[in-house]
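Counted the way UniProt numbering counts, the sequence shown spans residues 1 to 450. All C-beta atoms in this analysis are idealised placements derived from N, C-alpha and C, irrespective of residue type, glycine included. First the structure, in the form of structure tokens, and then the observations on it.
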Amino acid sequence: MNVIKFGGSSLASGSQLKKVIQLVKEDAARKIVVVSAPGKRSAEDEKVTDLLIGFGMKALVGHDFSAVLEKIIDRYQNIAEELGLGTEIIDEIRSNLDSLVKGNKNEPNYYLDAFKASGEDNNAKLVAAYFNQEGVPARYMDPKEAGLMVTNEPGNAQVLPESYEQLAKLRDSEEVIIFPGFFGYTKDGKVCTFSRGGSDITGAILANGIQADLYENFTDVDAIFAANPHVVENPIGIKELTYREIRELSYGGFSVLHDEALQPAFKSGIPVQIKNTNNPSAPGTRIMKERQLTEQGVIGIASSSGFSSIYIDKYLMNREIGFGRKVLEILEARGISYEHMPSGIDNLTIILQTNQMTTEEEHSLLIQLKEELCADSVTVEHNIALIMIVGEGMREKMYTMSKAATALSENHINIDMINQGASEVSVIFGIQAKYEDLAVKALYEAFFVK
Ligand code: ASP
């Protein structure tokens with residue numbers, strides 16, 4: 001039995017839904033279908049979830065929301081008309097959207113979450129109606145009825161472990177189950193969404209719950225590419241990845257699969273297959289526990305920017321017991337998280353996301369670090385990009401580091417920081433952000449072209 005999840009672009013129009021039903025019909029193992037809200041039909045289009053957020057915000061503060069409400073209904077109506085569905089489903093969606101406005105405004109985050117979740121919830125109802133019309137017996141499944149329970153964290157809910165036992169019962173269904181992604185219910189019965197893009201998480205939770213053989217994740221790209229296709233022209237698609245590799249690549253900036261979706265699949269060792277709804281014959285990318293290592297040591301190159309580095313220097317730092325703890329306590333008290341902390345004998349560098357602090361907050365942090373740590377100097381540098389080369393095979397390969405360093409130096413890119421995790425699955429280079437794309441191109445050339 002497989003869980004098959006479709007992203008927003010796969011459900012954005014009636015013609016897309018025709019591809020979806022075809023894919024479900026093709027394979028009897030595809031018994032649990034997780035759906036997103038309708039996404040963009042073109043680059044300029046709006047996602048229904050974004051429209052719903054606009055609708056909810058207006059309703060919350062008592063502004064006129066009629067235009068955005070009609071836009072949302074229009075999206076579903078277009079799909080329904082293209083598929084020849086009757087008007088009942090649109091009436092049902094309209095009455096659901098009307099009822100949201102009457103929610104409890106004293107809890108604004110939960111109020112808005114109910115709007116956000118309705119995108120997938122109404123879409124699941126529409127998809128189920130369409131499947132039945134086409135002679136594929138299907139049932140819309142309410143996450144509450146199925147027992148998908150989550151923590152009380154609107155916009156960032158986490159699954160409660162007791163859900164899995166309940167969800168296992170979905171195995172017994174005769175019909176195809178159409179399950180709305182992106183949200184669950186709190187113990188006190190409130191709708192609560194995962195973080196954005198969270199339908200991937202629902203799919204992974206269900207795959208774990210029913211102990212699926214495979215979690216198929218259908219999106220709009222042929223594969224996970226070895227580098228960002230907006231930076232490198234026609235990068236190769238990756239056929240197989242381990243959970244650890246995709247975790248590193250997601251951290252580094254790859255966004256094909258929500259990083260939180262990996263955990264439930266990873267815990268139960270269920271393989272994840274990334275496929276393209278618009279080109280299902282393309283092999284896609286399979287993510288699994290272990291893979292056969294190939295000649296290719298490096299499997300992907302990721303990059304992200306928006307980082308700063310704080311450099312702390314103090315003579316005899318290496319002998320001072322508790323120095324690192326004091327640094328971390330200062331960050332913790334300010335609610336600041338750090339990404340990396342490479343160190344030398346008498347110095348250490350803290351790499352963190354720049355947007356966590358205003359200029360004033362940063363200034364006062366630097367003063368506090370200097371004074372409380374009695375440091376010789378504390379300096380900050382902005383506009384840092386982190387470039388990652390990732391691959392399990394790197395462990396067994398020599399020269400990876402020299403190849404990467406050569407590629408960067410040949411392009412006159414100075415390396416500000418190098419961090420190789422103990423796992424040896426990735427190496428991270430900190431460089432100036434203005435060289436980010438150039439560095440990715442240079443590394444791609446070195447590892448995949450030459
Ligand atoms: N519709 C939600 C979003 O846009 C969840 C998803 O598509 O996975 O974030």
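- Query: Between Asp113 and the ligand ASP, is the CB less than 7 Å from at least one heavy atom?
  - Reply: Counting from 1 along the sequence shown, the entry for residue 113 is found at position 113. No, the ligand ASP has no heavy atom inside 7 Å of this Cβ.
- Flag Ala254 as yes when its Cβ comes closer than 7 Å to any non-hydrogen atom of the ligand ASP, and as no otherwise. Taking the first residue of the sequence shown as position 1, residue 254 is located at position 254. One point to set straight first is that residue 254 is Phe, not Ala, in the sequence displayed. Because no heavy atom of the ligand ASP lies under 7 Å away, the Cβ of Phe254 does not count as near it: no.
- Query: Taking the Cβ atom as the reference point for each residue, do Val440 and Val256 lie within a distance shorter than 8 Å?
  - Reply: For the purposes of this step, residue 440 is taken as residue 440 along the sequence shown, with counting starting at 1. For the purposes of this step, residue 256 is taken as residue 256 along the sequence shown, with counting starting at 1. Cβ distance not < 8 Å, so Val440 and Val256 don't count as in contact.
- Message: Whole angstroms are fine: how far does the CA of Asn106 sit from the CA of Lys125?
- Response: One-based indexing of the sequence shown puts residue 125 at position 125. One-based indexing of the sequence shown puts residue 106 at position 106. Distance between the alpha carbons of Lys125 and Asn106: 29 Å.
- Task: Keeping to the same chain, check which residues put their C-beta closer than 6 Å to that of Phe197; ignore five residues upstream and five downstream.
- Result: For the purposes of this step, residue 197 is taken as the residue at position 197 of the sequence shown. The amino acid at residue 197 is misidentified as Phe; the sequence shows Gly. Here the set comprises His258.
- Message: On a Cα-Cα basis, can you pick out the residue from Val20, Ala43, Ile89, Ala29 that is closest to Val35?
- Response: In the sequence shown, counting from the first residue as 1, residue 35 sits at position 35. Among Val20, Ala43, Ile89, Ala29, the Cα nearest to that of Val35 is on Val20.
- Would you check if the distance between the CB atom of Ile287 and the CB atom of Tyr243 is smaller than 8 Å? Here residue 287 corresponds to residue number 287 of the sequence shown, with the count starting at 1. Here residue 243 corresponds to residue number 243 of the sequence shown, with the count starting at 1. Yes, the pair counts as a contact, with Cβ atoms nearer than the cut-off.
- Message: Output needed for Val3: all residues of its chain with C-beta closer than 6 Å, excluding positions within five of it in sequence on either side, in chain order.
- Response: Numbered from its first residue, the sequence shown carries residue 3 at position 3. Within the same chain, Val3 has close Cβ partners Ile32, Gly203, Leu206, Ala207, Ala212, Tyr215.
- Between Glu436 and Ala407, is the Cβ-Cβ spacing less than 8 Å? Locating residue 436 in the sequence shown gives position 436, counting from the first residue. Locating residue 407 in the sequence shown gives position 407, counting from the first residue. For Glu436 and Ala407, no; Cβs fall outside 8 Å.
- Identify every residue that forms a DSSP beta bridge with Val176. Along the sequence shown, read from residue 1 onward, the residue named residue 176 stands at position 176. Per DSSP, Ala138.
- Message: Below 8 Å, how does it come out for the stretch 161-177 and the stretch 142-151: are there three or more Cβ pairs, yes or no?
- Response: yes
- Query: Does the pairing of the stretch 98-116 with the stretch 154-164 give three or more beta-carbon distances under 8 Å?
  - Reply: Contact between the stretch 98-116 and the stretch 154-164 is present, because at least three Cβ pairs lie under 8 Å.
- Item | N-terminal and C-terminal residue of the beta strand (DSSP E) that Gln158 is part of | Counting from one through the sequence shown, the residue named residue 158 turns up at place 158. From DSSP, Gln158 is part of no beta strand (DSSP E); its letter is neither H nor E.
- Simplified DSSP state of Asp188, which is helix, strand or coil: Indexing the sequence shown from 1 puts residue 188 at position 188. Coil, per DSSP.
- Task: Identify, in the order they occur along the chain, each residue of the same chain with its Cβ nearer than 6 Å to the Cβ of Ile270, setting aside the five sequence neighbours on each side.
- Result: Residue mapping note: residue 270 aligns to position 270 of the sequence shown, counting from 1. Only Ala207, Ala212, Tyr215 meet the Cβ criterion.
- Counting only runs of 3+ residues fully inside the stretch 274-319, write out the beta strand (DSSP E) ranges in chain order. Entirely contained in the stretch 274-319, the beta strand (DSSP E) runs reaching 3 residues are, in chain order, 285-288, 300-313.
- Query: Residues in its own chain within less than 6 Å of Ile310 by CB, not counting five upstream and five downstream?
  - Reply: The residue labelled residue 310 in the question sits at position 310 within the sequence shown. Correct list, in chain order: Ile350, Val380.
- DSSP beta-bridge partners of His183: For the purposes of this step, residue 183 is taken as residue 183 along the sequence shown, with counting starting at 1. For the sequence presented, residue 183 should be read as Phe rather than His. Answer by DSSP bridge pairing, in chain order: Thr193.
- Query: Considering Asn122, what are the terminal residues of the beta strand (DSSP E) in which it resides?
  - Reply: For this step, residue 122 is matched to residue 122 along the sequence shown. For Asn122, no beta strand (DSSP E) run applies; the uninterrupted alpha helix (DSSP H) run containing it begins and ends at 108-133, by DSSP.
- Query: Does the beta carbon of Phe182 fall short of 7 Å from some heavy atom of the ligand ASP?
  - Reply: In the sequence shown, counting from the first residue as 1, residue 182 sits at position 182. Yes; taking the cut-off as 7 Å, the Cβ of Phe182 has a heavy atom of the ligand ASP nearer than that.
- Query: Apart from the five residues on each side of it in sequence, which residues of its chain come closer than 6 Å, Cβ to Cβ, to Ser195?
  - Reply: Here residue 195 refers to the residue found at position 195 of the sequence shown. Only Asn156 meet the Cβ criterion.
- Query: Can you find a heavy atom of the ligand ASP that lies under 7 Å from the Cβ of residue 455?
  - Reply: In the structure displayed, the chain extends from 1 to 450; residue 455 sits before or after that span and is not available.
- Message: Is it buried or exposed, Gly184, if we count other Cβ atoms within 10 angstroms and call 16 or more buried?
- Response: The sequence position of residue 184 within the sequence shown is 184, counting from 1. Its Cβ being crowded by 16 or more others within 10 Å, Gly184 is buried.
- Query: Taking 7 Å as the line, does the beta carbon of Ser118 fall inside it for any heavy atom of the ligand ASP?
  - Reply: Here residue 118 corresponds to residue number 118 of the sequence shown, with the count starting at 1. Result no, Cβ not under 7 Å from the ligand ASP.
- Touching or not, the stretch 387-397 and the stretch 297-311, by the rule of three or more beta carbon pairs under 8 Å? yes
- Which residues DSSP lists as bridging Thr379, in chain order: Within the sequence shown, residue 379 is the residue found at index 379, counting from 1. DSSP output for Thr379 lists Tyr311 as bridge partner(s).
- If Val24 and Val136 are in contact, beta carbons under 8 Å, what's the gap, nearest whole angstrom? For the purposes of this step, residue 24 is taken as residue 24 along the sequence shown, with counting starting at 1. For the purposes of this step, residue 136 is taken as residue 136 along the sequence shown, with counting starting at 1. Correct: roughly 7 Å between the Cβ atoms.
- Message: Restricting to Cα atoms, I'd like to know which of Lys450, Ala442, Glu371, Ser9 is closest to Asn228.
- Response: Numbered from 1 along the sequence shown, position 228 holds the residue referred to as residue 228. Of the listed residues, the one whose Cα sits closest to Asn228 is Ala442.
- Closest to Gly335 by CA distance: which of Pro342, Asn355, Ser343 is it? To locate residue 335, count along the sequence shown from 1; it is residue 335. Among Pro342, Asn355, Ser343, the Cα nearest to that of Gly335 is on Asn355.
- Cα separation between Pro161 and Glu260? Along the sequence shown, one-based indexing puts residue 161 at 161. Along the sequence shown, one-based indexing puts residue 260 at 260. Their Cα atoms are separated by approximately 15 Å.
- Length-filtered (3 minimum) beta strand (DSSP E) runs lying within the stretch 408-447: 417-420, 426-432
- Message: My assumption, with CB atoms under 8 Å, is that Asp346 sits in contact with Leu369. Please give the rounded CB distance.
- Response: To locate residue 346, count along the sequence shown from 1; it is residue 346. To locate residue 369, count along the sequence shown from 1; it is residue 369. 15 Å between Cβ atoms; not a contact.
- Whole beta strand (DSSP E) elements within the stretch 335-391, 3-residue minimum: List check, beta strand (DSSP E) in window: 338-340, 347-353, 377-390.
- Message: Once the 5 residues before and after Lys190 are set aside, which same chain residues still bring their CB inside 7 Å of it?
- Response: As a working mapping, residue 190 is identified with position 190 in the sequence shown. Excluding five sequence positions before and after Lys190, the CB atoms of its chain that fall closer than 7 Å to its own CB belong to Tyr110, given in chain order.
- Would you mind working out which of Glu120, Tyr76, Glu329, Lys267 sits nearest Cys192, comparing C-alpha positions? Residue numbering aside, residue 192 sits at position 192 when the sequence shown is read from its first letter. Among Glu120, Tyr76, Glu329, Lys267, the Cα nearest to that of Cys192 is on Glu120.
- Label Val449 either buried or exposed according to how many other C-beta atoms from any shown protein chain fall within 10 Å of its C-beta, with 16 as the threshold for buried. Residue mapping note: residue 449 aligns to position 449 of the sequence shown, counting from 1. It is exposed - the Cβ of Val449 has fewer than 16 other Cβ atoms within 10 Å.
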